[in-house]
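Before any comments, here is the structure.
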Amino acid sequence: MPILELNNVSVSHVQGNQANTVVHNVSLSVNQGECFGLEGPSGCGKSSLLWVLAGLNPHWFGQISMLGQELEQGQQFRGQLRRDVQMVFQDPYASLHPKHRLRRTLAEPLKRLKMDAIDDRIEQGFKQVGLTSDMIDRYPHQLSGGQRQRVAIVRALLLEPKLLLLDEPTSALDMSVQAEILNLLNELKQQYKLTMLLVSHDPHTIDYMCDAGVTMKRGKIEQTLRY
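If you use UniProt numbering, the sequence shown corresponds to residues 1 to 227, in order.
Okay, here's the thing in structure tokens:
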């Protein structure tokens with residue numbers, strides 16, 4: 001059953017009065033529980049599409065149905081939709097506040113819970129991704145790149161999303177760490193029956209991780225993939 005459907009979606013980057021269309025009439029369907037890949041070279045529009053689906057770029061046209069809801073152009077994600085769609089960014093350091101301890105950063109989306117419940121949820125998240133609880137009160141610069149990306153994954157999963165968006169989640173990491181993160185994401189997908197949309201320039205990553213996908217070039221779908 002599709003959890004995400006795009007019909008003739010185009011995306012623009014707007015700067016001042018200038019609009020540059022970077023994605024052209026893309027249509028695709030992502031089924032519940034699968035990992036769907038967007039593969040292509042840098043600048044082909046795959047990350048631009050992901051940012052629209054994360055609610056971070058309102059400049060799009062076409063039809064998007066996500067989690068049973070028809071999105072409106074320029075719509076801001078609020079309430080349940082904001083919780084149900086989470087994103088892991090390419091650079092884990094940029095997604096974590098450099099001057100805040102990890103506990104403070106991770107507690108932010110859980111502020112409606114009691115403090116004991118927040119601490120329990122964070123500790124459980126660290127355990128799920130193979131980090132020890134003594135790291136919770138460290139600053140981002142005190143962790144390795146792979147550890148920071150694991151924390152970014154914890155942050156994305158704290159609200160128990162239904163759709164996880166992954167924007168080149170391993171490209172900023174050393175080769176030795178990349179496989180660890182991909183294996184972790186695979187384990188989490190199986191354990192929690194997550195639906196994932198994975199952006200990568202690496203066809204081997206897409207082959208390893210994804211059940212289906214598309215290749216993109218110059219903002220358009222070039223090929224549909226099924227594994």
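Think of the CB as a built atom: it goes at the ideal place given N, C-alpha and C, for glycine as much as any other residue.
Note that the coordinates shown come from a computational prediction; the quantities given were computed from them, not determined experimentally.
Just curious, the alpha helix (DSSP H) that residue i is in, first and last residue?
i: methionine 175; result: 175-192
i: arginine 103; result: 102-107
i: glutamine 80; result: 79-84
i: leucine 159; result: Run containing leucine 159: none; DSSP gives neither H nor E here.
i: lysine 99; result: Note, lysine 99: premise wrong, no alpha helix (DSSP H); not H, not E.
i: leucine 50; result: 46-53
Per DSSP, what are the beta-bridge partners of residue i in this structure?
i: valine 60; result: In the sequence as presented, valine is not what sits at residue 60; that position holds tryptophan. Tryptophan 60 is bridged to Val11.
i: glycine 37; result: Leu198 and Gly213
i: isoleucine 221; result: Met216
i: alanine 19; result: Val14
i: proline 2; result: Asn31
i: valine 151; result: Bridge partners of valine 151: none, in fact.
i: arginine 226; result: Ala212
Quick check on DSSP: helix, strand or coil for residue i?
i: methionine 115; result: helix
i: alanine 172; result: coil
i: alanine 94; result: coil
i: residue 240; result: The shown model of the chain, from 1 to 227, leaves out residue 240, and the question about it has no answer.
i: leucine 166; result: strand
Take residue i and list the residues in its own chain whose beta-carbon comes closer than 7 Å to its own, dropping the five residues that flank it on each side.
i: aspartate 119; result: none
i: glutamate 34; result: Thr195, Asp211 and Ala212
i: proline 109; result: Leu158 and Leu159
i: isoleucine 64; result: Leu6, Val9 and Leu71
Kindly list the residues whose CB is nearer than 6 Å to the CB of residue i, restricted to its own chain and excluding five residues on each side of it in sequence; keep chain order.
i: isoleucine 206; result: Gly37, Glu39, Ser200 and Gly213
i: phenylalanine 89; result: Ser95 and Asp167
i: histidine 100; result: none
How about residue i: is its Cβ closer than 7 Å to a heavy atom in the ligand FMN?
i: glycine 55; result: The model depicted lacks the ligand FMN and carries no ligand whatsoever.
Starting from residue i, trace the beta strand (DSSP E) in both directions and tell me its first and last residue.
i: serine 133; result: No beta strand (DSSP E) holds serine 133; DSSP gives it neither H nor E.
Closer than 8 Å by C-beta to residue i: which residues in its own chain qualify, once you throw out the five before and the five after it? Chain order, please.
i: proline 161; result: Arg83, Asp84, Val85, Gln86 and Leu194
i: asparagine 25; result: Asn8, Val9, Ser10, Gly62 and Lys220
i: serine 29; result: Pro2, Leu4, Glu5 and Leu6
i: glycine 145; result: Pro92, Tyr93, Ala172, Leu173, Asp174 and Val177
Touch test, the region 56-73 against the region 8-20, Cβ-Cβ under 8 Å, three pairs minimum: Short answer: they touch.
Cβ contact (3+ pairs, closer than 8 Å) linking the region 134-141 and the region 171-181: The answer is no - the region 171-181 does not touch the region 134-141, with fewer than three Cβ pairs under 8 Å.
Segment contact flag, the region 182-189 with the region 64-83, C-beta cutoff 8 Å, min 3 pairs: No: fewer than three Cβ pairs fall under 8 Å.
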